[in-house]
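> Residue numbers for the sequence shown follow my numbering, beginning at 3 and rising by one. Glycine residues also receive a C-beta, built at the ideal position from the N, C-alpha and C atoms.
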Amino acid sequence: MKLYAKFIIAYVIFGFLSFFLIATLTSSLTLKQLEEEKADNLYREAIFVASTYAKNYYTEALSLEELQTQLKAVDTYVSAPVWIIDTDGTILLNSREKVNLENPKVLTDFDPTFTGNQYYCISNFYDCYQEEVLSVISPITLNLKTRGYVLIHYPVSAISQERDRLLNVSYITLIGIFLLSLLILAAFTFLVSKPLKRITFAANQYAAGNLKYELPVTTDDEMGRLSATLNYMSTELSKMEEYQKKFVSNISHDFRSPLTSIKGYVEAILDGTIPPEMQEKYLNIVLFETERLNKLTSGLLTLNDFDRRGTLLDITDFDINSIIKKTAATFEGTCTSKRISIELIFSAKVLYVSADMGKIQQVLYNLIDNAIKFSNPDSVIYVETTEKHEKVFVSVKDAGIGIPKESLKKIWERFYKTDLSRGKDKKGTGLGLSITKEIIQAHKENINVISTEGVGTEFIFSLPRSKNIKSSDIE
Numbered sequence: 003m004k005l006y007a008k009f010i011i012a013y014v015i016f017g018f019l020s021f022f023l024i025a026t027l028t029s030s031l032t033l034k035q036l037e038e039e040k041a042d043n044l045y046r047e048a049i050f051v052a053s054t055y056a057k058n059y060y061t062e063a064l065s066l067e068e069l070q071t072q073l074k075a076v077d078t079y080v081s082a083p084v085w086i087i088d089t090d091g092t093i094l095l096n097s098r099e100k101v102n103l104e105n106p107k108v109l110t111d112f113d114p115t116f117t118g119n120q121y122y123c124i125s126n127f128y129d130c131y132q133e134e135v136l137s138v139i140s141p142i143t144l145n146l147k148t149r150g151y152v153l154i155h156y157p158v159s160a161i162s163q164e165r166d167r168l169l170n171v172s173y174i175t176l177i178g179i180f181l182l183s184l185l186i187l188a189a190f191t192f193l194v195s196k197p198l199k200r201i202t203f204a205a206n207q208y209a210a211g212n213l214k215y216e217l218p219v220t221t222d223d224e225m226g227r228l229s230a231t232l233n234y235m236s237t238e239l240s241k242m243e244e245y246q247k248k249f250v251s252n253i254s255h256d257f258r259s260p261l262t263s264i265k266g267y268v269e270a271i272l273d274g275t276i277p278p279e280m281q282e283k284y285l286n287i288v289l290f291e292t293e294r295l296n297k298l299t300s301g302l303l304t305l306n307d308f309d310r311r312g313t314l315l316d317i318t319d320f321d322i323n324s325i326i327k328k329t330a331a332t333f334e335g336t337c338t339s340k341r342i343s344i345e346l347i348f349s350a351k352v353l354y355v356s357a358d359m360g361k362i363q364q365v366l367y368n369l370i371d372n373a374i375k376f377s378n379p380d381s382v383i384y385v386e387t388t389e390k391h392e393k394v395f396v397s398v399k400d401a402g403i404g405i406p407k408e409s410l411k412k413i414w415e416r417f418y419k420t421d422l423s424r425g426k427d428k429k430g431t432g433l434g435l436s437i438t439k440e441i442i443q444a445h446k447e448n449i450n451v452i453s454t455e456g457v458g459t460e461f462i463f464s465l466p467r468s469k470n471i472k473s474s475d476i477e
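Below, the structure is given as structure tokens:
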């Protein structure tokens, strides 16, 4: 069942139940209110008749015929029969029929307190009526003695009719309001369900792989924001899909090339194509390609670990200058062979930071390694530390081939290599800068690059300065 139909059916059911409950309660309460009002009016008339007409009859100031005439007038006024009965229950007068005084009707077991603690009661009054009537009674007193009673009987059915007449107008009004609100709800539900249908269609398109489908955003409400969010999601998923395709293509290429070389050289050695005296040379090539595969695999595992669990950091306070010295020393042999020197410039003798020492050493290794790879012979690489506010900035600057402007934003992508770097970096995997950025971002810090093609490149990253150990504390 559609959501639109569910809303309408639920509202109709709720409307009928509410109407039934309201009608039941109002009918009962209105009937009770009308009964009390009618009883109050009739009781006042009964008191009036008892204190005037009936009393005059017992003082012989009024004849029986004249009293009958007066009772008929009261009957006409209140639309109810008026009785006068004796204390023993004998009906003496009835405004609607002539009483045979020689053989009058006597109410058996008549009790003048039949109304209880109220001034009226509802019954068929000693089986005198076939339907229920509302009866009131007032005593006729003369010289402090009760001589008889005035009774007025009003049919309850007439009160019910009056109630129905009053409530029918209210019921018709309620039904009109309900139908109008139903139409408004139907229109509103249709307006709400229409964008939901579009959103559902878009979700099905995305599930089917059509990530280029774009939802129209026509409003600035929750539906509009949801549509905009889905459009953003599809864009990001499309980028992710493109990235995955590129990732698979790059990794396939980077694995296929060394594997092809290894397979070719091993087959050539086994079938004797390569003579024994040349085998050591080609086995060294196989070893070189194997090391490159191992490095590539290690880089992939590191990045996968970052993606799956995030970068787990072991934060300690350490001297960043000392780590830079140790890392730079590992490149002494490479620098000597390429006639490259590394110059260290420190703003203080010691400079403590709060970070993961092992991970930061890996960042320094990657940046210095890249600087050496792309530097020209007889050049200098500068590694510099500076302090600003509560941050320590580390800069690695070379005078190498530089990075083309259009490639600056892409260097952080996995497996990305610029065209200029492919000839220089045979052993590179294209993962070093990706790992470097993951590590720095895990520290909630930033890394930036400044590069000019043909002039050189400078990488600058920040680290939080140690709050526990200050440079001034160290002699």
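(1) Pick from V158, Y156, Q207 and K439: whose alpha carbon is nearest that of E216?
(2) Does DSSP classify F348 as helix, strand or coil?
(3) Which residue or residues does DSSP assign as beta-bridge partners of T143?
(4) If you measure between the beta carbons of L366 and I325, is that distance less than 9 Å?
(5) Nearest CA to the CA of Y284: which residue from V268, V171 and K297?
(6) Three or more C-beta pairs under 8 Å: does that hold for the segment 73-87 against the segment 167-183?
(7) Below 8 Å, how does it come out for the segment 342-350 and the segment 381-393: are there three or more Cβ pairs, yes or no?
(8) Any idea what DSSP makes of P157, helix, strand or coil?
(9) Could you give the residue range of the beta strand (DSSP E) that holds G458?
(10) What do you get for N372, buried or exposed, if any count of 16 or more other CB atoms within 10 angstroms of its CB means buried?
(11) For a test of the three-state rule: what should DSSP assign to F116, helix, strand or coil?
(12) Does C130 come out as helix, strand or coil in the three-state DSSP assignment?
(13) Within 10 angstroms of its Cβ, does N96 collect 16 or more other Cβ (buried), or is it exposed?
(14) Cβ atoms of E134 and L36: under 9 Å apart, would you say?
(15) Take T148 as the anchor and find which of H155, G91 and N119 has the nearest alpha-carbon.
(16) Please state whether the Cβ-Cβ distance between S137 and F127 is less than 9 Å.
(17) Helix, strand or coil, according to DSSP, for S97 in the structure here?
(18) Pairs of beta-carbons, one from the segment 294-301 and one from the segment 347-365, closer than 8 Å: are there three or more?
(19) If distances are taken between C-alpha atoms only, which option among D113, S464 and P278 comes closest to L353?
(20) Measuring alpha carbon to alpha carbon, tell me which of I49, V101, R227 and T61 ends up nearest V76.
(21) T117: which of S125, T110 and D111 sits nearest, CA to CA?
(22) Please report the Cβ distance between I374 and T459, rounded to the nearest whole angstrom; I am assuming they are in contact, meaning their Cβ atoms lie under 8 Å.
(23) For the beta strand (DSSP E) that contains D88, what are its first and last residues?
(24) Would you list the residues sitting across from I387 in a DSSP beta bridge?
(25) For the alpha helix (DSSP H) that contains A357, what are its first and last residues?
(26) Could you name the residues of the same chain whose beta carbon sits closer than 6 Å to that of K399, not counting the 5 residues immediately before and after it, in chain order?
(27) Tell me the rounded alpha-carbon separation between V14 and L184.
(28) Please look up how many angstroms separate the CB atoms of T387 and I452, rounded, as I've assumed it's under 8 Å.
On the basis of the coordinates in this document:
(1) Position 214 of the sequence shown, counted from the first residue, corresponds to residue 216. Looking only at V158, Y156, Q207 and K439, the smallest Cα-Cα distance to E216 is reached by Q207.
(2) Along the sequence shown, read from residue 1 onward, the residue named residue 348 stands at position 346. In this structure, F348 counts as strand in the three-state DSSP scheme.
(3) Working through the sequence shown from its first residue, we reach residue 143 at position 141. Beta-bridge partners of T143 (DSSP): T148.
(4) Here residue 366 is taken as the residue at index 364 of the sequence shown, counted from 1. Here residue 325 is taken as the residue at index 323 of the sequence shown, counted from 1. Yes, the Cβ-Cβ distance between L366 and I325 is below 9 Å.
(5) As a working mapping, residue 284 is identified with position 282 in the sequence shown. The residue with the shortest Cα to Cα distance from Y284 is V268.
(6) The segment 73-87 vs the segment 167-183: no contact.
(7) Taking a cut-off of 8 Å for Cβ pairs, the segment 342-350 and the segment 381-393 touch, as three or more such pairs fall below it.
(8) Your numbering for residue 157 matches position 155 in the sequence shown. Looking at P157 - three-state DSSP - the assignment turns out to be strand.
(9) Here residue 458 corresponds to residue number 456 of the sequence shown, with the count starting at 1. Residues G458 to P466.
(10) For the purposes of this step, residue 372 is identified with residue 370 of the sequence shown, where counting begins at 1. Residue burial annotation: N372 is buried, with at least 16 other C-beta atoms found within 10 angstroms of its C-beta.
(11) Translated into the one-based positions of the sequence shown, residue 116 becomes position 114. Coil, per DSSP.
(12) The residue you call residue 130 lines up with position 128 of the sequence shown. DSSP places C130 in coil when its eight states are reduced to three.
(13) Taking the first residue of the sequence shown as position 1, residue 96 is located at position 94. Residue burial is scored here from C-beta neighbours: N96 has at least 16 other C-beta atoms within 10 angstroms and is therefore classed as buried.
(14) The residue you call residue 36 lines up with position 34 of the sequence shown. The residue you call residue 134 lines up with position 132 of the sequence shown. Going by C-beta atoms, L36 is not nearer than 9 Å to E134.
(15) Working through the sequence shown from its first residue, we reach residue 148 at position 146. When H155, G91 and N119 are compared, the shortest CA-CA separation from T148 is found for G91.
(16) Within the sequence shown, residue 137 is the residue found at index 135, counting from 1. Within the sequence shown, residue 127 is the residue found at index 125, counting from 1. Yes, Cβ-Cβ distance for S137 and F127 is below 9 Å.
(17) Sequence index remark: in the sequence shown, residue 97 carries index 95 (1-based). Here S97 sits in coil by DSSP.
(18) Output reads no: the segment 347-365 does not touch the segment 294-301.
(19) Working through the sequence shown from its first residue, we reach residue 353 at position 351. Measuring from the Cα of L353, the nearest candidate turns out to be S464.
(20) Here the question's residue 76 lines up with position 74 in the sequence shown. Ranked by Cα distance from V76, the first of I49, V101, R227 and T61 is I49.
(21) As a first step, residue 117 is located in the sequence shown; it is residue number 115 there, counting from the start. Put simply, of S125, T110 and D111 the residue whose alpha carbon is nearest the alpha carbon of T117 is S125.
(22) For the purposes of this step, residue 374 is taken as residue 372 along the sequence shown, with counting starting at 1. For the purposes of this step, residue 459 is taken as residue 457 along the sequence shown, with counting starting at 1. The C-beta distance from I374 to T459 rounds to 12 Å, too long to fall under 8 Å, and the pair is not in contact.
(23) Counting from 1 along the sequence shown, the entry for residue 88 is found at position 86. Taken as a continuous stretch (DSSP letters only), the beta strand (DSSP E) holding D88 covers V84 to D88.
(24) The residue you call residue 387 lines up with position 385 of the sequence shown. One detail in the question is off: residue 387 reads as Thr in this sequence, not Ile. According to DSSP, which records beta bridges pairwise, T387 is partnered with F348 and V396.
(25) Along the sequence shown, read from residue 1 onward, the residue named residue 357 stands at position 355. Unbroken run through A357 is the beta strand (DSSP E), Y354 to D358; no alpha helix (DSSP H).
(26) Residue mapping note: residue 399 aligns to position 397 of the sequence shown, counting from 1. In its chain, beyond the 5 residues on either side, Y384 and E460 have a beta carbon closer than 6 Å to the beta carbon of K399.
(27) Walking along the sequence shown from the start, residue 14 turns up at place 12. Walking along the sequence shown from the start, residue 184 turns up at place 182. Cα to Cα, V14 sits roughly 8 Å from L184.
(28) Along the sequence shown, read from residue 1 onward, the residue named residue 387 stands at position 385. Along the sequence shown, read from residue 1 onward, the residue named residue 452 stands at position 450. Not really, about 17 Å apart at Cβ, beyond 8 Å.
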